[in-house]
Amino acid sequence: MSNAQTRAAHGHDAEKSPGPSRDRQPIRQHPEGKTGEALLPDLLPGSTPARPSDKWAGLLGNSRFSHYANGAQRARIVSGLQRIYGNAYVQRVIERVRSARVETAHMGNEAQVEEGQAQTSVKTSAMTSLALAKLAGAKLSQWRKKLITAVKKSKTAKKTIEAIEKKTGKPIKIKTSTKGSFQMGGEVYIDNNEPFDKQVNSLSHEINHLHDYVFGKQPDVTKMPKAEFVKKKMDNEIRAHYKTYLAFEERGAKGAQPLGYAGFKAKVDQETKKKGKALTAAEKEKVGKEYLEEQYKKVWVGSKSGKNYYQKWEEYWDQNNKGKSGS
Numbered sequence: 020m021s022n023a024q025t026r027a028a029h030g031h032d033a034e035k036s037p038g039p040s041r042d043r044q045p046i047r048q049h050p051e052g053k054t055g056e057a058l059l060p061d062l063l064p065g066s067t068p069a070r071p072s073d074k075w076a077g078l079l080g081n082s083r084f085s086h087y088a089n090g091a092q093r094a095r096i097v098s099g100l101q102r103i104y105g106n107a108y109v110q111r112v113i114e115r116v117r118s119a120r121v122e123t124a125h126m127g128n129e130a131q132v133e134e135g136q137a138q139t140s141v142k143t144s145a146m147t148s149l150a151l152a153k154l155a156g157a158k159l160s161q162w163r164k165k166l167i168t169a170v171k172k173s174k175t176a177k178k179t180i181e182a183i184e185k186k187t188g189k190p191i192k193i194k195t196s197t198k199g200s201f202q203m204g205g206e207v208y209i210d211n212n213e214p215f216d217k218q219v220n221s222l223s224h225e226i227n228h229l230h231d232y233v234f235g236k237q238p239d240v241t242k243m244p245k246a247e248f249v250k251k252k253m254d255n256e257i258r259a260h261y262k263t264y265l266a267f268e269e270r271g272a273k274g275a276q277p278l279g280y281a282g283f284k285a286k287v288d289q290e291t292k293k294k295g296k297a298l299t300a301a302e303k304e305k306v307g308k309e310y311l312e313e314q315y316k317k318v319w320v321g322s323k324s325g326k327n328y329y330q331k332w333e334e335y336w337d338q339n340n341k342g343k344s345g346s
């Protein structure tokens, strides 16, 4: 699907993919994404295999590069890596940085909130930099609180968040992104350049991927046969998107609609008319998931590749299982 369609969906992405889940994409969202290439062309290989993750970890963990004034650039690099190599690859990079005890591995510094912050914060005065950092941190905290409050107006989303926080024993982590929304390494990144109601849809979607991560429900690309891996990935994606529809309705169905919602609503209305009364929760879920499966297979395809999500996850499995027979 086009980038415009994807953003309308979740803000998107998703936990998402090697590229599948977010045609910008986690992924959700991509071999087609070139955000990072504009930043460091000498480190991005184009069509060649991904460079060792420790090279990126070394860059992102470098003390000079970790200053919050470089936050926007770090965000673009991480988003670019996520699109080009996939979520699993980026998670490996993050883990390498963490293992080196570098605290600034991610793009979500408390000081990075709004576009332009990086420019205004490049001051030689340590006192000025500290003041800006505190101010930005306060704004970020307010943004998080407002976003969480809005999402929790849905009983479905509220239940998901509470389950995650009960399991982890701490509040969910939400950080800003400049290029799409996704879940990565137990943290949710939301594109705060999008209108707020789209950010709410994005978080309503991504908390489901975060739930899968926290509860160990994410499929392992290196341990599962191809068919099983792809099915599990797409079952999770469809469930997350369906719950985004439910959350939207529970909030009053106001504001920007999640991607494909109008078609979903039409299908539900059609089935309700056939039945002569309201669908049960199970019946509505069945209709919704069948509708979403069709969208992911036939409608939401790459604007350049023409491939659907299932095909891209198959390619992702192949890339991580060279020499294996497949399913």
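Residues 20 to 346 in my numbering are what the sequence shown lists, from first letter to last. Glycine included, C-beta positions come from ideal geometry on N, C-alpha and C. Note that the coordinates shown come from a computational prediction; the quantities given were computed from them, not determined experimentally.
query = Is it true that the CB of Leu222 sits closer than 8 Å to the CB of Val207?
reply = The count along the sequence shown starts at 1 and reaches residue 207 at position 188. The count along the sequence shown starts at 1 and reaches residue 222 at position 203. Yes, the Cβ-Cβ distance between Val207 and Leu222 is below 8 Å.
query = Of all the options Ala300, Leu265, His228 and Gln276, which has the alpha carbon lying nearest to the alpha carbon of Asp1?
reply = Given a span of 20 to 346 for the chain in the structure shown, any question on residue 1 remains unanswerable.
query = Between which two residues does the beta strand (DSSP E) harbouring Tyr234 extend?
reply = On the sequence shown, residue 234 is found 215 positions in, with the first residue counted as 1. Looking at the sequence provided, one finds Phe at residue 234 rather than Tyr. Following the DSSP letters along the chain, one finds Phe234 in no beta strand (DSSP E), marked with neither H nor E.
request  = Report the residue ranges of all beta strand (DSSP E) runs contained in full by the segment 165-250; include only those spanning at least 3 residues, in chain order.
outcome  = DSSP runs (the beta strand (DSSP E)) wholly in the segment 165-250: 193-196, 201-203 and 206-210.
query = Are the Cβ atoms of Lys171 and Ile183 separated by less than 8 Å?
reply = Residue numbering aside, residue 171 sits at position 152 when the sequence shown is read from its first letter. Residue numbering aside, residue 183 sits at position 164 when the sequence shown is read from its first letter. Their beta carbons are not under 8 Å apart, which means Lys171 does not touch Ile183 by this criterion.
query = By how many angstroms is the C-alpha of Pro238 removed from the C-alpha of Lys343?
reply = The residue you call residue 343 lines up with position 324 of the sequence shown. The residue you call residue 238 lines up with position 219 of the sequence shown. A direct Cα-Cα distance of roughly 17 Å separates Lys343 from Pro238.
task = Under 7 Å Cβ to Cβ from Lys303, same chain only, skipping five residues before and after it: list those, please.
result = Mapped onto the sequence shown, residue 303 falls at position 284. Shown here for Lys303: same chain residues with a beta carbon closer than 7 Å to its own, the five before and five after excluded, namely Val287 in chain order.
task = Below 8 Å CB to CB, which residues in the same chain sit around Arg163 once its five sequence neighbours on both sides are set aside?
result = Here residue 163 refers to the residue found at position 144 when the sequence shown is read from its first residue. For Arg163, where only same-chain residues beyond five positions count, the Cβ hits under 8 Å are Ile193.
query = Taking C-beta to C-beta, are Gly199 and Asp216 nearer than 8 Å?
reply = If you number the sequence shown from 1, residue 199 lands on position 180. If you number the sequence shown from 1, residue 216 lands on position 197. No; because the gap between Cβ atoms is not below 8 Å, this pair is not in contact.
ask   = Could you check where the alpha helix (DSSP H) with Gln276 kicks off and where it finishes?
value = Here residue 276 refers to the residue found at position 257 of the sequence shown. Neither: Gln276 is in no alpha helix (DSSP H) and is coded neither H nor E.
ask   = Grouping DSSP H, G and I as helix and E and B as strand, with all else coil, what is Asn255?
value = The sequence position of residue 255 within the sequence shown is 236, counting from 1. In the structure shown, Asn255 falls within a helical segment according to DSSP collapsed to helix, strand and coil.
Helix, strand or coil at Asn327 according to DSSP, with G and I counted as helix = The residue you call residue 327 lines up with position 308 of the sequence shown. In the structure shown, Asn327 sits in a strand (DSSP, three-state: E or B).
query = What is the rounded straight-line gap between the Cα of Ala155 and the Cα of Thr168?
reply = One-based indexing of the sequence shown puts residue 155 at position 136. One-based indexing of the sequence shown puts residue 168 at position 149. So the alpha carbons of these two residues sit roughly 20 Å apart.
request  = Below 8 Å on the Cβ atoms is my guess for Leu298 versus Ile257; work out the distance and round it to an integer in Å.
outcome  = Here residue 298 refers to the residue found at position 279 of the sequence shown. Here residue 257 refers to the residue found at position 238 of the sequence shown. Actually they do not touch by this definition, with Cβ atoms about 18 Å apart.
message = Less than 6 Å between C-beta atoms, sequence neighbours within five positions excluded: which residues of the same chain meet that for Gln101?
response = By one-based count along the sequence shown, residue 101 stands at place 82. Counting only residues of its own chain and dropping the five nearest sequence neighbours on each side, Gln101 has a CB closer than 6 Å to the CB of Val109.
task = Output the distance between the C-alpha atoms of Arg95 and Thr197, rounded to the nearest integer angstrom.
result = One-based indexing of the sequence shown puts residue 95 at position 76. One-based indexing of the sequence shown puts residue 197 at position 178. Arg95 and Thr197: Cα-Cα distance of roughly 7 Å.
Spatial neighbours of Lys236 in its chain, beta-carbon cut-off 8 Å, leaving aside the 5 residues before and after = As a first step, residue 236 must be located in the sequence shown, where it is residue number 217. Excluding positions up to five away in sequence, the list reads His230 and Asn255.
query = Tell me which same chain residues have a C-beta within less than 6 Å of the C-beta of Lys252, skipping the five on either side of it?
reply = In the sequence shown, residue 252 corresponds to position 233, counting from 1. The residues are Pro238 and Trp332.
query = Ala297 lies in the alpha helix (DSSP H); which residues open and close that run?
reply = Numbered from its first residue, the sequence shown carries residue 297 at position 278. Bounds of any alpha helix (DSSP H) do not take in Ala297, whose DSSP letter is neither H nor E.
inquiry  = For Trp336 and Lys317, what's the separation of their Cα atoms in angstroms?
reply    = In the sequence shown, counting from the first residue as 1, residue 336 sits at position 317. In the sequence shown, counting from the first residue as 1, residue 317 sits at position 298. Using only the alpha carbons, I get a separation of about 21 Å.
key: Distance, Arg111 Cα to Gln289 Cα   = The residue labelled residue 289 in the question sits at position 270 within the sequence shown. The residue labelled residue 111 in the question sits at position 92 within the sequence shown. Taking the straight line joining both Cα atoms gives about 45 Å.
task = Output yes if chain B places a C-beta closer than 8 Å to the C-beta of Asp231; else output no.
result = The chain inventory of the structure shown lacks chain B, comprising one protein chain alone.
task = Look up Arg43 in the DSSP assignment and say whether it is helix, strand or coil.
result = Your numbering for residue 43 matches position 24 in the sequence shown. Confidence at Arg43 is low in this model, with a pLDDT of 37, below 50, so the placement of that residue is unreliable and no value is reported for it.
ask   = Is Gly279 closer than 8 Å to Gln330 when the C-beta atoms are compared?
value = Working through the sequence shown from its first residue, we reach residue 330 at position 311. Working through the sequence shown from its first residue, we reach residue 279 at position 260. Gly279 is positioned such that its CB atom lies no closer than 8 Å to that of Gln330.
message = Could you tell me the alpha carbon to alpha carbon distance between Pro190 and Gly205, rounded to whole angstroms?
response = Within the sequence shown, numbered from 1, the residue matching residue 190 stands at position 171. Within the sequence shown, numbered from 1, the residue matching residue 205 stands at position 186. Taking the Cα positions, Pro190 is about 11 Å away from Gly205.
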